[in-house]
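Residue numbers (the numbering used here), protein chains in the order written: chain A, 1 to 177; chain B, 1001 to 1133. Even glycine gets a Cβ: it sits at the ideal position worked out from N, Cα and C. To start, the structure itself, in structure tokens.
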């Protein structure tokens, strides 16, 4: 990053190369559309480039980039999927038996099912889950990325996990019946 | 956060880590860099436009003034040069008359020059950062 700010020709291209896949995958999880994810990821890097001068070099780069792509992707979803379920409509908690560590154990062949179940969740939940469990950001970093208080992020994550498990169980039941 | 919540968190993290990730589309980096280069070029285009808008009328005016009053100017400058070299005495003819509009035109050409210089420097800086082929 320092090299990039100093005018090193290949530095920003290297940043795009290094973080491109991570940024693209986060956009993909939030938008659930490859073309939109590609657009959002590109837009995020362009915004990052524009904001280079304001970037605090003492902070890690990845959460900053993920924050930008989260905002870009959520804005995209908001523009194109205004009819999505508002967050308040999602279940507050799963059945006690569902929110157990064992319930999260998923067989390899069921991973695709998890992705499909995730797509039934609101974009904000998808973003929170991906930032927390795929990119392993702290609550504070997620709060910063989603521009929400930490307490709300914790609530979102709790509800998102519950909603994901409920959706998975519903799908399993449907499949077995 | 109790033990069960920690275990649930860990289980979810393990689950997400196992989920398949996709590579960014082919040519992703080049597309991003090309878009940045194009955007940067657009950003400086207005400076070129402003410089031309300011410089062209001023230059036309200065050229027409030079064609019209070129003799007076060269006579005046010649007298000043001779006076400086001590070949002639300083008198009323040892002067060049420049009116306010000519001064304004020269100033505008100067401003246009600054704009063009800034645009060129900024473009060069962007090119070196973005590494445009």
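Taken through DSSP and simplified to helix, strand or coil, residue 1116 of chain B comes out as helix. With a cut-off of 8 Å on Cβ pairs, the segment 121-131 of chain A is in contact with the segment 141-151 of chain A, counting three or more such pairs. Taken in chain order, the members of the segment 1029-1042 of chain B whose beta-carbon sits within less than 8 Å of a beta-carbon on chain A are 1029, 1031, 1032, 1033, 1035, 1036 and 1039.
Residue environment: residue 1016 of chain B is assigned as buried (16 or more neighbouring CB atoms within 10 Å of its CB, all protein chains considered). With respect to residue 34 of chain A, residue 68 of chain A sits apart: the two C-beta atoms are not nearer than 8 Å. In the structure shown, residue 1073 of chain B falls within a helical segment according to DSSP collapsed to helix, strand and coil. When Cβ pairs closer than 8 Å are counted between the two stretches, the segment 1053-1063 of chain B is seen not to touch the segment 148-167 of chain A, the count staying below three. Sixteen is the threshold: when 16 or more other Cβ atoms of the shown chains lie within 10 Å of the Cβ of residue 1012 of chain B, as they do, the residue is buried. With fewer than 16 neighbouring CB atoms inside 10 Å of its own CB, residue 1006 of chain B falls in the exposed class. In the three-state reduction of the DSSP assignment, residue 120 of chain A falls in the coil class, being assigned neither a helical nor a strand state. Within chain B, the residues 1036 have their CB atoms less than 7 Å from the CB of residue 49 of chain A, given in chain order.
By the neighbour-count definition (other C-beta atoms within 10 Å, threshold 16), residue 1098 of chain B is an exposed residue. Proximity of chain B to residue 115 of chain A at the Cβ level (cut-off 9 Å) is accounted for by 1019 and 1020, in chain order. Interface annotation, residue 120 of chain A: not in contact with chain B, CB-CB separation never under 8 Å. Taking the beta carbon of residue 1024 of chain B as reference, the chain A residues within 7 Å of it are 20, 21, 24 and 41, listed in sequence order. With a contact defined as Cβ atoms closer than 8 Å, residue 38 of chain A and residue 1025 of chain B qualify at about 5 Å.
Counted as a single uninterrupted DSSP element, the alpha helix (DSSP H) harbouring residue 19 of chain A occupies residues 11-31. For residue 69 of chain A, not one C-beta of chain B is nearer than 8 Å to its own C-beta. For residue 1120 of chain B, the closest Cβ of chain A is not nearer than 8 Å. Taking C-beta atoms under 8 Å as the contact rule, residue 1118 of chain B and residue 1047 of chain B qualify, at a distance of about 6 Å. By the criterion of a C-beta distance shorter than 6 Å, residue 120 of chain A is surrounded in its chain by 167, once the five residues flanking it on both sides are discounted.
Looking at the backbone, the Cα of residue 1104 of chain B and that of residue 17 of chain A are separated by about 51 Å.
For the pair residue 44 of chain A and residue 76 of chain A, the CB atoms are not nearer than the 8 Å cut-off.
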